[in-house]
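Input: a single structure, listed below in structure tokens.
There are 2 protein chains.
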Amino acid sequence: MGKRSITIKEMARMLGVSKSTVSRALRDSGEIGEETKQRVLELARELSYFPNPIALSLVGNKSNTIGVIVPDIANPFFSSVIGGIEEVAYSRGYHVMIYQSHDSYERERMDARHISARHADGLIISIASHSADFEHLKALQDNGIPIVLFDRFIEEIQTHKVQVDDYKGAFEATEHLVSQGCRKIAHISGPLNLSISRHRLRGYRDVLAKYDIPFREEWVVTCEYNQEEGADRAYQLMALRERPDAIFAASDRIAIGVHLALKQLGYRMPDDIALIGFSDLPVSALLDPPLSTVVQPTKEMGHCSAELLLSLIESKKPPAAFETKVLQSRLVIRRSSCKLPGSLS
Amino acid sequence: MGKRSITIKEMARMLGVSKSTVSRALRDSGEIGEETKQRVLELARELSYFPNPIALSLVGNKSNTIGVIVPDIANPFFSSVIGGIEEVAYSRGYHVMIYQSHDSYERERMDARHISARHADGLIISIASHSADFEHLKALQDNGIPIVLFDRFIEEIQTHKVQVDDYKGAFEATEHLVSQGCRKIAHISGPLNLSISRHRLRGYRDVLAKYDIPFREEWVVTCEYNQEEGADRAYQLMALRERPDAIFAASDRIAIGVHLALKQLGYRMPDDIALIGFSDLPVSALLDPPLSTVVQPTKEMGHCSAELLLSLIESKKPPAAFETKVLQSRLVIRRSSCKLPGSLS
DNA sequence: ACCGTTCCCGGAATCGTTCCCGAAATGGCG
DNA sequence: CGCCATTTCGGGAACGATTCCGGGAACGGT
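Below you can see the structure in the form of structure tokens.
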């Protein structure tokens, strides 16, 4: 019990050399005789020696660990992005610490503090819905911990950012509804302090403009990114004197709430009303009728965020300019939005 | 940039005392004058000093970190359990490192190695479906790293275990089908090397015995815990000369595959065939018809596992005996299994 | 033969913290 | 007033690794 693992000092004693020699042999730093090197290496293999990462961190002031903060790991979107981050991070020798903010500003601050105290080498974060200020993130940057923002972010922080082309995705989704003959298209937007919500709203408006469809205030409502409020907004929209004939929801979460509400209210999709979401949750394809949506390259977002962060960590100097990577989304047409026969690919 | 955080040594210099004195003041270890203690504490507050956790780990040979290995964090069951683990761990000052085995034995071994190298203080794991041997886990135990197994586990490892009462859940699910008038009840089981699969199968068999329903080999098939194979097994069952009038699937994942297959094949649930799953995924309530299932107390599983692990970590001696906590599941009846009017609560 | 290089390797400092040991100062008591 | 116990604090070693510095041996050139 408590059998401590083998150390450099012990190997040095066993071989009758100094620990500097052992260290040199292991990291192959040139200044060492071929024969001694082989002896050390062989013993290390035999004893299955692994350097103590904690000691490494102490001397190198580097923990080979990156922190990830997302609102909720149970959300398939985020867990998939995390999967992507992990693939890149592990392959480059970094470990990933995962934190959940639960969309709470306070939790997010605590998590950031913890990451700082733990001396993580960097942070990848999708910020909570209603974070008021971002001093906690700036504090990290001041401490020399680089940050990459993905999906949900704000303009206040100067750093690399990764997003999907929300505007284009929203544009295509809305245009698809138009192509199905809808003219009375409503939009349920996310909280407008998030840029993704604003971009999606703009995509929606621009399609209306393109097809000379008048924009109507009462057909655009905002909503948290969750199912319950989505249902409420659906009630609100369908209660209007003039009902929409299509709804573009800013996320699948919202769209699922709408989907349930519409069925409960007795509407048939897509005949009475067409519906399209955004994100492509695993659930969406299983609904009846299956939900049209915009798929986001989640794994790729993870890869991309991790690559950017590692480059920030491993280059000593801060880069000349921060870049914002924009990944492409893809429209997935399912039955919930297919009024016209034959438009299902 | 790179502003190193404040250390004990610096504070000692500023106050003109030795670092041992500062250390004593901070950790309040008695042997120190009240006045000096207050001076140190005040300076520490002013400079917002936080001890370097890496140095702490090095001297204490303790990382205040626990590892968690699950097959897949995108699985809502596991992400919810992780949520429960985190709540307990963070409240007791521990950090949680999350690993995914992707149901691969090799990945699981690598993860275990990594955890050992990282000097985690303990491990909570739900093992991969087809792990052949468990030497990698025993090696951890030999290194003094305690382990808690949850949900999926095997008898080979001697330690605390947390599970839900699979037998009772399966018994109630099957009995519910009987109460709906079904007599030709099929079961799609999980891989039989996992105890959860065997317990659920036993629950199913015991209900048949209780109601004098003959057990028929061809109505029991095994299957991976995923959707695709669930659909295949549904095809297989419905292709039988004598079709079942109800299916009890060992998990919701499987049940969802069955659900899709049945709809595609033109069967109506529950009239043609009743269906019930196990786990209560978020999706399950959204299917049409909504899927009956057995809900598992996931958060509680997380809490319980974390409590057990922390007790193992913090008590020096190995406990006299290892316990197996059994949590209660609860039957949730939805439309997919409700042949009789009025049995929906 | 002597000196300068090069090649190996040992010793020590370092990272931030805890902890043990010993020393100085203080106080109480005979 | 002196002695001993107690309080308070400083000086190290230790944790496991890297890295710089310097020294001894071998070796070649003049």
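Going down the list, the sequences are from chains A and B. For the first sequence, our numbering gives the first residue as 25, with consecutive numbering after it. For the second sequence, our numbering gives the first residue as 25, with consecutive numbering after it. Glycine included, C-beta positions come from ideal geometry on N, C-alpha and C. A quick note: this is a predicted structure, and the numbers were derived from the prediction, not measured.
Using DSSP with H/G/I as helix, E/B as strand and the rest coil, what is residue i?
| i | result |
| --- | --- |
| GLN251 of chain A | helix |
| GLN165 of chain B | helix |
| ILE97 of chain A | coil |
| LEU364 of chain B | coil |
| GLN124 of chain B | strand |
| LEU311 of chain B | coil |
| SER72 of chain A | coil |
| THR31 of chain A | coil |
| PRO294 of chain A | coil |
| LYS341 of chain A | coil |
| GLN204 of chain A | coil |
| ARG37 of chain A | helix |
| LEU218 of chain B | coil |
| GLU179 of chain A | coil |
| PRO77 of chain B | helix |
| LEU305 of chain A | coil |
| PHE195 of chain B | helix |
| ASP135 of chain B | helix |
| GLU266 of chain A | coil |
| TYR228 of chain A | helix |
| TYR235 of chain A | coil |
| SER103 of chain A | helix |
| ARG51 of chain B | helix |
| SER44 of chain B | helix |
| GLY26 of chain B | With a pLDDT of only 48 at GLY26 of chain B, under the threshold of 50, the placement of this residue in the model should not be trusted, and no figure is reported. |
| SER140 of chain A | helix |
Starting from residue i, follow its DSSP beta bridges and name the residues at the other end.
| i | result |
| --- | --- |
| HIS119 of chain B | B:THR89 |
| PHE272 of chain B | B:HIS211 and B:ILE300 |
| LYS185 of chain B | B:LEU173 and B:THR348 |
| VAL244 of chain A | A:HIS211 |
| ILE56 of chain A | ILE56 of chain A is not bridged to any residue. |
| ILE280 of chain A | Bridge partners of ILE280 of chain A: none, in fact. |
| ARG354 of chain B | B:VAL319 |
| LEU147 of chain A | A:GLY91 and A:ILE171 |
In its own chain, which residues sit with a C-beta less than 8 Å from the C-beta of residue i, not counting the 5 before and 5 after it?
| i | result |
| --- | --- |
| ALA36 of chain A | SER42, LYS43, THR45 and VAL46 |
| ALA210 of chain A | TRP243, VAL244, VAL245, LEU261, PRO268, ALA270, ILE271 and PHE272 |
| GLN251 of chain A | ARG277, ILE278, ILE280, GLY281 and LEU284 |
| MET25 of chain A | For MET25 of chain A, the predicted model reports a pLDDT of 44, less than 50, meaning its position is unreliable; a value from the coordinates is still stated below. None. |
| GLN352 of chain A | VAL188, ASP189, LYS192 and PRO321 |
Spatial neighbours of residue i within its chain, please: C-beta separation below 7 Å, excluding the five flanking residues on both sides.
| i | result |
| --- | --- |
| SER329 of chain A | ILE109, ILE148, VAL172, PHE174 and VAL186 |
| SER275 of chain B | GLY214, TYR249, GLY301, PHE302 and SER303 |
| THR322 of chain B | PHE101, SER104, VAL105 and GLY108 |
| LEU161 of chain B | ALA136, ILE171 and ILE181 |
| ARG229 of chain A | PHE239 |
| ALA144 of chain A | SER87, THR89, ILE90, GLY91, MET121 and ILE169 |
| ARG176 of chain B | SER150, ILE151, LEU218 and ILE220 |
Closer than 7 Å by beta-carbon distance: list the chain A residues that pair up with residue i, in chain order.
| i | result |
| --- | --- |
| ASP312 of chain B | ASP312 |
| SER103 of chain B | ILE97, ALA98 and SER103 |
Along chain A, in chain order, which residues have C-beta atoms closer than 9 Å to that of residue i?
| i | result |
| --- | --- |
| PHE174 of chain B | Near PHE174 of chain B there are no residues of chain A at all, since even the closest Cβ is about 17 Å away, more than 9 Å. |
| ASN217 of chain B | Ordered by position in chain A, no residue passes the 9 Å Cβ test against ASN217 of chain B, which lies about 26 Å from the chain. |
For residue i, return the contacting residues in chain B, with the cut-off set at a CB-CB distance below 7 Å.
| i | result |
| --- | --- |
| LEU82 of chain A | ILE78, ALA79 and LEU82 |
| PRO100 of chain A | ALA98 |
| ILE280 of chain A | LEU310 |
Leaving out five residues on either side along the sequence, give the residues of the same chain with a beta carbon under 6 Å from the beta carbon of residue i.
| i | result |
| --- | --- |
| LEU311 of chain A | HIS283 |
| ARG292 of chain A | none |
| SER308 of chain A | ASP276, LEU315 and THR317 |
| LYS349 of chain B | VAL186 and CYS328 |
| LYS33 of chain B | LYS43 |
Along chain B, in chain order, which residues have C-beta atoms closer than 8 Å to that of residue i?
| i | result |
| --- | --- |
| VAL307 of chain A | PRO306, VAL307 and LEU310 |
| GLN124 of chain A | GLY107 and GLU110 |
Counting only Cβ pairs nearer than 8 Å, list the residues of chain A close to residue i.
| i | result |
| --- | --- |
| HIS119 of chain B | MET121, HIS138 and ARG142 |
Mind listing the chain B neighbours of residue i? Cutoff is C-beta to C-beta under 9 Å, in chain order.
| i | result |
| --- | --- |
| SER29 of chain A | SER140, ALA141, HIS143 and ASN167 |
*asked:* Measuring CB atoms only, is the region 203 to 220 of chain B touching the region 351 to 364 of chain B, in the sense that at least three cross pairs come out at less than 8 Å?
replied: yes
*Just checking, does the region 86 to 105 of chain A make contact with the region 121 to 138 of chain A on the three C-beta pairs under 8 Å criterion?*
yes
*So does the region 129 to 143 of chain A actually touch the region 125 to 140 of chain B, counting three or more Cβ pairs closer than 8 Å?*
no
_If contact is defined by three or more beta carbon pairs under 8 Å, each pair taking one atom from either stretch, is the region 190 to 201 of chain A in contact with the region 214 to 226 of chain A?_
As far as the Cβ criterion goes, the region 214 to 226 of chain A touches the region 190 to 201 of chain A, which means the pair count is three or higher.
*Cβ pair count under 8 Å reaching 3, the region 47 to 67 of chain B against the region 338 to 345 of chain A*: no
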